[in-house]
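End of the sequence shown sits at 439 in this note's numbering; the numbers just go up one at a time, nothing left out. Here the structure comes first, spelled out in structure tokens, and everything after it is commentary.
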Amino acid sequence: MKRSCVADVLANDSSKVLVKGWVHNINCVGKIAFVHLRDRTGIIQIVADESMVRDLRLEMSIEVTGNRVVNGKAPSGVEIHAEAVRILGTVYYDMLPFGINRKRINASLDTQLDHRTVSLRPARSRAIFRVQQEIEEAFRSYFREHGFTQIHTPKIISSATEGGSEMFTVDFFGRRAFLAQSPQFYKQMMVGAGFERVFEIGHAYRAELHNTWRHLSEYVSMDVEMGFIESYEDLMDIEEGYINYLFRHLKSACAAELEMFGVSLPDSVEIPRLPLAEAQRIVLEKYGRRSPLSGLDAEGEKLFSEYMKNEYGTDFVFLTKYPASKRPMYTMPDPENPELTQSFDLIYKGLEITTGSQRIHDYEMLKSNMEKFGLDPENFRFYLDSFRYGMPPHGGFAIGLERITMKLLDLDNIREATLFPRDIKRLEP
Ligand code: AMO
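See below:
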């Protein structure tokens, strides 16, 4: 007999069924046992003779054959009256690390992460990654539809892309190398190599020393780079298009998951754009908070988002024109004020989820900007040389996958949106 998954048994009328899954719950009432079997699609009640389930323990994996019976009193309206129960995978524990058959896991996030293969078992924990998969899927299909080519670039690299202080070093056959902070140089090079428009979904590494709710040492970066742009407004236009496409996609692909998290997405979003200096002024005047030169700090982002939500009803805002001294050396200065840049961040529900900019595309200008930043152009020769052969005006941005997932589902900590988070304290599991 062929296996049916729980969702199929619930949805389709059939008399005899075979299901496989984990023992989610066991409850014996006299001679009758009620076992909840959980598979990747749902939970169903099994009604069995107590003698058939005597050896069962929570989380064993089992196989049950029996008759499908409609019963309004069963939790999902349908149950299986078991004819045979077989243990497929036994368990070796005295006590589970925490209960997983209640509404919420009653354990700290750290304990849950220590036992990731257990904490992911409840549907709610796994739903986060179903949504994440669709965020990625929408990113891929949206940018492909707009003429972008997906690329994969090296993660073992020879020089810093976003500043030198936050890099993991690697011993590369006796040579000092680094884990890539971003695919920045390579995605730009691929614009010049003739692809014009590229995107990448890949891992990025940051040796940041702070341990916060929004930082990971290893995260997934969804990167875009686009040639022949007129200005950095083109980049914000295309990102805004993606956000709208994403929301439409999630409403159809993840309706159940969004409901589980109590999230309702707007039908369309129009994202206001305003200069960073303006946001800093508002944060100071409205909330008495002074911002660092580089941007808004975490609290400032939160306060400013609150302001935008109250005043304009938006969860998103593009902040533009960051100071040149605080952006990477490849960022195009603002033609009206070279102290500023043609750059932006996208803030979503109080958190930066994207950084982007138009890039310097002129060889001589890039070389002299490196020198201005105190960098030796010789250390970037492979990158710089690719600007000798006709690099068009271009720019791009990157979205942190875990950050957008966290904010979309209103999670408290980025680690909940990461299967196996890496942070200052965590290298295992
Ligand atoms: P930036 O360094 O701002 O820009 O990173 C882009 C986006 O990546 C995410 N992100 C992180 N997510 C989790 N943990 C971290 N430690 C972390 N660091 C960054 C954020 C952030 O907005 N090369 C540029 C992008 C570009 O201009 O194309 C860059 O990497 O969501």
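The C-beta atom is built at its ideal place from N, Cα and C for all residues, glycine as well. As the structure is a prediction and not an experimental result, all values here were calculated from the model.
Cβ distance (whole Å) where residue i is taken to contact residue j below 8 Å
| i | j | result |
| --- | --- | --- |
| F326 | V279 | 6 Å |
| V95 | I115 | Between I115 and V95 the Cβ distance is about 27 Å, and since that is not below 8 Å, they are no contact. |
| V201 | H404 | 5 Å |
| K8 | L286 | Given that the chain is displayed from residue 11 to residue 439, the structure contains no residue 8 and the question cannot be resolved. |
| V273 | L418 | 7 Å |
| E60 | A84 | Going by Cβ atoms, the distance from E60 to A84 rounds to 18 Å, so no, they are not a contact pair. |
| E69 | V101 | 6 Å |
| R67 | V88 | About 25 Å; that fails the 8 Å criterion. |
| R300 | L313 | So it is not a contact: roughly 12 Å between Cβ atoms. |
Rounded separation between residue i and residue j - CA only
| i | j | result |
| --- | --- | --- |
| Y373 | F139 | 42 Å |
| D247 | L275 | 20 Å |
| R64 | V19 | 25 Å |
| L28 | D124 | 34 Å |
| P345 | S335 | 15 Å |
| E362 | S315 | 10 Å |
| E412 | I424 | 6 Å |
| G237 | R134 | 41 Å |
| D244 | F149 | 17 Å |
| P333 | P302 | 11 Å |
| G204 | M375 | 21 Å |
| E311 | R398 | 39 Å |
| F430 | F188 | 21 Å |
| V293 | I357 | 14 Å |
| C264 | F257 | 10 Å |
| S192 | M177 | 11 Å |
| L268 | I145 | 13 Å |
| R78 | K30 | 14 Å |
| Y445 | R112 | Any property of residue 445 remains undetermined from this structure, which presents the chain solely from 11 to 439. |
| S304 | D181 | 33 Å |
| F306 | Q290 | For the record, residue 306 in the displayed sequence is Leu; it is not Phe. About 7 Å. |
| T127 | D104 | 17 Å |
| R186 | F108 | 43 Å |
| D386 | K377 | 9 Å |
| C15 | K41 | 27 Å |
| H259 | E240 | 29 Å |
| L25 | R48 | The question names Leu, yet the displayed sequence has Ser at residue 25. If you take the alpha carbons of S25 and R48, they lie about 20 Å apart. |
| E438 | M62 | 39 Å |
| S231 | R337 | 18 Å |
| S151 | I211 | 12 Å |
| Y255 | V80 | 40 Å |
When the options are compared against residue i, the one with the closest alpha-carbon
| i | options | result |
| --- | --- | --- |
| R283 | Q198, Q352, G310 and L219 | Q352 |
| I56 | R48, R216 and A92 | A92 |
| H156 | D104, R398, F44 and R207 | R207 |
| H162 | S169, H225, D233 and N111 | D233 |
| M401 | K197, Q191 and E210 | K197 |
| H213 | A190, F205 and G204 | A190 |
| E235 | H225, A266 and E249 | E249 |
| A428 | M11, D181 and W223 | Residue 428 is actually Thr in this sequence, not Ala. Checked all of M11, D181 and W223; the closest Cα to T428 is W223. |
| E218 | L356, E240 and G173 | G173 |
| E349 | I357, L356, K12 and N379 | N379 |
| Q368 | D386, P439 and Y242 | Y242 |
| R216 | G184, F183 and T179 | T179 |
| S396 | E321, M199, R436 and R186 | M199 |
| L421 | M270, C15, C38 and R13 | M270 |
| A58 | V39, M11, D49 and R48 | V39 |
| K435 | D277, D120 and S25 | D120 |
| H220 | E240, V80, P164 and A308 | A308 |
7 Å Cβ cutoff met for residue i and residue j
| i | j | result |
| --- | --- | --- |
| M339 | F392 | no |
| F390 | S169 | yes |
| G99 | I90 | no |
| F407 | G360 | no |
| G410 | Y229 | yes |
| Q160 | F209 | yes |
| S227 | D433 | yes |
| G52 | A17 | yes |
| I370 | M416 | no |
| A131 | I110 | It is Arg, not Ala, that sits at residue 131 in the sequence shown. Yes. Within cutoff. |
| F153 | T171 | no |
| V45 | I54 | no |
Any chain C beta carbon closer than 7 Å to residue i
| i | result |
| --- | --- |
| S353 | The chain inventory of the structure shown lacks chain C, comprising one protein chain alone. |
Identify every run of the alpha helix (DSSP H) within the stretch 358-411, keeping only runs that are complete inside it and at least 4 residues long; order them along the chain. 373-382 and 391-395
Can you check the stretch 132-195 for any beta strand (DSSP E) of at least 3 residues that lies completely inside it and give the ranges in chain order? 179-182 and 185-189
Ignoring anything shorter than 4 residues, give me the alpha helix (DSSP H) runs that lie fully in the stretch 55-86, in order along the chain. none
Restricting to runs no shorter than 3 residues, where is the beta strand (DSSP E) found entirely within the stretch 217-291? 228-237 and 283-285
Whole beta strand (DSSP E) runs in the stretch 295-353 with 3 or more residues, listed along the chain? 326-330 and 347-351
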